[in-house]
Amino acid sequence: MLIRTKALVVKEYIVGESDKYITLFTKEYGKIQVLAPKAKKVDRGFASATQLFVYGEFILTSFKDTYRLVNVDIIEMFHNIRNRLESLSYASYIMEFLQYVTEPMLAQPELLRLTLKTLKALTYEEASYSLIRRIYELRALAELGFMPQLASCTECGEVLKEGETSKYYFSAEAGGLVCESCKSYYKDTVMISYSTRYTLQYILSSSINKLYHFRVTHEIQQELNQVCNYYVPFYVDKIFKTVEFIDRIEAMI
């Protein structure tokens with residue numbers, strides 16, 4: 001069967017002297033593995049079209065669970081990501097993260113859309129790399145069903161007061177904010193400001209098109225980092241290769 005799908009290359013690896021296997025995150029079929037015959041040979045035209053970060057319209061043959069590349073029309077290569085070590089590192093992390101948290105053959109078009117928007121933000125530096133990373137982590141986990149509760153205490157249900165001087169307590173184990181009385185039940189609570197709570201709400205509720213068009217103060221960024229440093233490992237049980245280097249970059253900011 002011949003199928004046509006828009007997809008993003010999230011992983012590539014060489015097989016033999018000239019063939020490739022690529023992992024595609026597709027709009028209609030989710031994550032699939034595809035054989036790209038002779039992809040390393042320039043005269044076949046697949047050398048550039050099967051690189052990491054390429055987004056295009058892929059034509060594949062399908063037999064049972066096996067996919068084979070027939071043709072690619074490139075839509076976007078995000079080539080400028082490779083021009084800076086920092087953007088390449090963050091983008092590589094996004095690809096690792098996406099590949100790990102997604103299931104084969106499970107369509108998640110909004111997660112694909114979020115990822116493409118994130119790669120564009122990294123390409124054009126629409127926000128700081130640190131902020132782009134945290135926005136992606138939080139929104140991706142929300143798309144996967146892990147939406148933190150921010151309006152009321154997850155333990156007792158008390159509606160949390162709002163005010164510019166208010167302080168809140170975020171717990172990954174609790175799944176969101178807890179009140180002053182309930183924070184002692186959890187060992188991973190992080191105190192955050194009203195501005196950080198508002199930022200979290202904005203990240204989780206805004207349209208994808210508006211996600212990367214704002215800036216935050218150093219204090220808010222630090223609090224977002226603390227929240228994510230507990231929240232992401234709680235739901236994603238993996239140490240990513242690129243995180244150690246990225247964390248060193250962020251420690252210098």
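Okay, so the sequence shown: first residue is 1 according to UniProt numbering, each after it adds one. From the three backbone atoms N, C-alpha and C, an ideal C-beta is built for every residue, glycine too. All of these numbers come straight from a predicted model, not from anything done at the bench.
Subject >> For PHE214, three-class secondary structure by DSSP >> reply: coil
Subject >> Nearest candidate by alpha-carbon position, reference SER18, set SER205, MET191, ALA36, GLY157 >> reply: ALA36
Original post:
Excluding five sequence neighbours on each side, which residues of the same chain lie with their C-beta closer than 6 Å to the C-beta of LYS31?
Top reply: PHE25, THR102, PRO104
Original post:
In whole angstroms, what separates the C-alpha of GLU57 from that of VAL190?
Top reply: 44 Å
Original post:
Buried or exposed: which applies to GLU143, given that a residue is buried once 16 or more other Cβ atoms fall within 10 Å of its Cβ?
Top reply: buried
Subject >> Cβ contact (3+ pairs, closer than 8 Å) linking the region 106-119 and the region 166-186 >> reply: no
Original post:
How many angstroms separate the CA atom of SER181 from the CA atom of ILE22?
Top reply: 51 Å
Original post:
According to DSSP, is LYS120 helix, strand or coil?
Top reply: helix
**OP:** Could you pull out every residue in the same chain whose Cβ sits closer than 6 Å to the Cβ of GLU220, ignoring the five residues on either side in sequence?
**Re:** Note that residue 220 is Ile in the sequence shown, not Glu. SER195, THR196, THR199, listed in sequence order.
Original post:
With a CB to CB cut of under 7 Å and the five nearest residues on each side skipped, what residues in its chain are close to TYR235?
Top reply: LEU141, PHE146
Subject >> Minimum C-alpha distance to MET252 - residue among PHE97, VAL10, GLU86, LEU138 >> reply: GLU86
Original post:
Do ALA172 and TYR230 have their CB atoms nearer than 9 Å?
Top reply: yes
**OP:** Determine the burial state of PHE63: buried for a count of at least 16 other Cβ atoms within 10 Å of its Cβ, exposed for fewer.
**Re:** exposed
Original post:
Along the chain, where does the beta strand (DSSP E) that runs through THR66 open and close?
Top reply: 66-76
Subject >> Those residues which DSSP pairs with LEU35 across a bridge >> reply: TYR21, ARG68
Original post:
From residue 315 to LEU60, what does the alpha carbon distance come to, in whole angstroms?
Top reply: Because residue 315 is not part of the residues shown, which for the chain are 1 to 253, the question remains open.
Original post:
How do the region 63-82 and the region 236-250 stand: do at least 3 beta-carbon pairs fall below 8 Å, yes or no?
Top reply: no
**OP:** Give the secondary structure of LYS187 by DSSP, where H, G and I count as helix, E and B as strand, and everything else as coil.
**Re:** coil
Original post:
Curious, which full-length alpha helix (DSSP H) runs of at least 4 residues does the region 106-189 contain?
Top reply: 109-124, 129-143
Original post:
Does the separation of the CB atoms of GLN226 and ILE192 fall below 9 Å?
Top reply: yes
Subject >> Pick from ARG68, ASN71, VAL15, CYS153 that is closest to TYR186, judged by C-alpha positions >> reply: CYS153
Subject >> Minimum length 4: unbroken alpha helix (DSSP H) runs contained in the region 194-242 >> reply: 194-205, 218-235
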